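Keeping their order, the protein sequence lines are chains R and U.
The opening residue of the first sequence carries number 1 in the numbering used here; numbering runs sequentially from there.
The opening residue of the second sequence carries number 1001 in the numbering used here; numbering runs sequentially from there.
Report on the structure given below.
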Amino acid sequence: MSQGVEVVGLYVRDQDEALAFYVEKLGFRVHTDARNGDYRWLTVQHPEQPSFQLGLFTPQSPMLDAATAQTLREMVAKGAMPPLVLVVDDCRAAYDRMRARGVEFTQEPVARFGSVDAGFRDPSGNGWKLIEARR
Amino acid sequence: MSQDPELLRRLLRAKDRMDAASHEDWPVRQLARVSGVSAAHFARSFKEAFGVPPHRYLLTRRIERATALLRDADLCITEIAFQTGWKSLGTFGRTFRDVTGESPSAIRARERAAPYDLESVPACFLRAAHRPDLTIAVSEKRRQEARGMKESEETEVP
Chain R
1 MSQGVEVVGL
11 YVRDQDEALA
21 FYVEKLGFRV
31 HTDARNGDYR
41 WLTVQHPEQP
51 SFQLGLFTPQ
61 SPMLDAATAQ
71 TLREMVAKGA
81 MPPLVLVVDD
91 CRAAYDRMRA
101 RGVEFTQEPV
111 ARFGSVDAGF
121 RDPSGNGWKL
131 IEARR
Chain U
1001 MSQDPELLRR
1011 LLRAKDRMDA
1021 ASHEDWPVRQ
1031 LARVSGVSAA
1041 HFARSFKEAF
1051 GVPPHRYLLT
1061 RRIERATALL
1071 RDADLCITEI
1081 AFQTGWKSLG
1091 TFGRTFRDVT
1101 GESPSAIRAR
1111 ERAAPYDLES
1121 VPACFLRAAH
1131 RPDLTIAVSE
1141 KRRQEARGMK
1151 ESEETEVP
């Protein structure tokens, strides 16, 4: 595939904390970690999805004014950012594994309509659904 | 109006707890403890952050869950009332009608007759979208309906 979505970014409150979470707790890999002064372009990748990068960015100047950056930090912290879905083969096994690593789950695995889903948050407040698709 | 993101993150944790177990009672004291603040501070901050007082938020989650069970589960309405946190069927029926405008049995009949064509939307998100938008207290809603007022007239009252 040569065309398509390559990077989608999340806002996080702290890039070091986010990096540790996505790599150590979720098993993602670092794709790019480049700094330029105060700016840090940080993306991670799911090990089975080499064509897609998840960006972990902080709302900051000079791209955003201070008031806008503050508003975004508040939005992330109150869980107001859009839905995120992580698809897994086995939701209950992934739940056990991630919980043991200290992931903050907001919903235990629930079976509905043949699929199983659970919910967790990253340290910043971004909400993920962990979904085992119907077979 | 600006709130400390660290506080908001902890308030979100209390909201998540209500989401995970909306059938439980959740005294403000307990929610405040989850957020690491005093009870008075919690109630005020929660409303400022999420636009509704904590217990009204809990009510919307209960109604959302009851609606889903009415549609999807083969349980009688009494059982659904108890499973979603009400102590009496009468209170459940009355509150449900006041919030949604329909009785539990009417919603059940209508939802079951409607084709379920949203299969590619994850069920968990679909539910949240059908949560009642309870911008005023149920008691106020009752008063307004009793007076035959429209919600839009509320601000016109001097």
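In this text, a Cβ means the ideal position worked out from N, Cα and C, and glycines have one as well.
Since the structure is predicted, the reported quantities are computational estimates derived from the model, not experimental observations.
The three-state secondary structure of Ile-1077 of chain U, taken from DSSP, is helix.
Look at the beta carbons and you see the stretch 14-21 of chain R touching the stretch 121-135 of chain R: at least three pairs across the two are nearer than 8 Å. Where Pro-1132 of chain U is concerned, there is no enclosing alpha helix (DSSP H), because DSSP gives it neither an H nor an E.
For the stretch 12-32 of chain R, the beta-carbon criterion of a distance under 9 Å to any beta-carbon of chain U is satisfied by Arg-13. Sequence-distant partners of Thr-1095 of chain U (beyond 5 residues in either direction) whose C-beta falls short of 7 Å from its own C-beta, in its chain, are Val-1138. With respect to the 8 Å criterion, Ala-94 of chain R and Ser-115 of chain R are not classified as neighbours on the basis of their beta carbons. Under the three-state reduction of DSSP output, Phe-1046 of chain U falls in the helix class. In terms of Cα proximity to Val-85 of chain R, the closest of R:Gln-3, R:Val-8, R:Asp-33 and R:Gly-4 is R:Val-8.
Secondary structure of Ile-1063 of chain U (DSSP, three-state): helix. For the C-beta of Pro-83 of chain R, the chain U residues within less than 7 Å are, from N- to C-terminus, Phe-1125.
Residue-level contact by beta carbon fails for Arg-1061 of chain U and chain R, as no gap is shorter than 8 Å. For Gln-60 of chain R, there are no C-beta contacts with chain U under 8 Å, since the nearest C-beta of that chain is about 13 Å from it. The beta carbon of Ser-1022 of chain U does not come within 8 Å of any beta carbon belonging to chain R, so the residue lies off that interface.
Take Ala-1081 of chain U, set aside five residues on each side of it, and the residues of its chain with a beta-carbon closer than 7 Å to its own are Leu-1089 and Phe-1092, in chain order.
The C-alpha of Ser-61 of chain R is placed about 17 Å away from the C-alpha of Ala-34 of chain R. Nearest neighbour of Ser-1002 of chain U by Cα position, chosen from R:Arg-99, R:Glu-48 and R:Ala-67, turns out to be R:Ala-67. When DSSP assignments are scanned along the stretch 24-71 of chain R, the uninterrupted stretches of beta strand (DSSP E) that are 3 or more residues long and fall wholly within it turn out to be 29-36, 39-45 and 53-57.
In the DSSP assignment, Phe-120 of chain R falls within the beta strand (DSSP E) that extends over 115-121. Closest by C-alpha distance to Leu-42 of chain R, out of R:Gln-49, R:Pro-50, R:Thr-58 and R:Glu-48, is R:Thr-58. For a Cβ distance threshold of 9 Å, residue set Ser-1002, Gln-1003, Asp-1004, Pro-1005, Leu-1008 and Ala-1049 of chain U lies close to Glu-74 of chain R, ordered along the chain. Straight-line spacing of the CA atoms in Asp-1019 of chain U and Asp-1098 of chain U works out to 21 Å.
Where Glu-6 of chain R is concerned, there is no enclosing alpha helix (DSSP H), because DSSP gives it neither an H nor an E. Thr-106 of chain R reaches chain U at Asp-1016, Asp-1019 and Ala-1020, counting residues in chain order whose Cβ is nearer than 7 Å.
In chain order, Leu-1070, Arg-1071 and Ile-1077 place their CB closer than 8 Å to the CB of Arg-1108 of chain U, counting only its own chain and leaving out the 5 sequence neighbours on each side. Interface residue (Cβ-Cβ distance to chain R less than 8 Å): Leu-1089 of chain U is not classified as such. Taking the CA atoms as reference points, Phe-113 of chain R sits about 11 Å from Cys-1124 of chain U. In the same chain as Arg-1110 of chain U, and ignoring 5 residues on each side of it, no C-beta atom comes closer than 6 Å to its own.
Residues of chain R with a Cβ closer than 8 Å to the Cβ of Leu-1012 of chain U are, in chain order, Ala-77, Lys-78, Gly-79, Arg-121 and Gly-125. Under the Cβ criterion of 8 Å, Asp-117 of chain R is counted among the residues facing chain U. In terms of Cα proximity to Glu-1079 of chain U, the closest of U:Gly-1101, U:Glu-1048, U:Ala-1113 and U:Ser-1105 is U:Ser-1105.
Where Val-1037 of chain U is concerned, there is no enclosing beta strand (DSSP E), because DSSP gives it neither an H nor an E.
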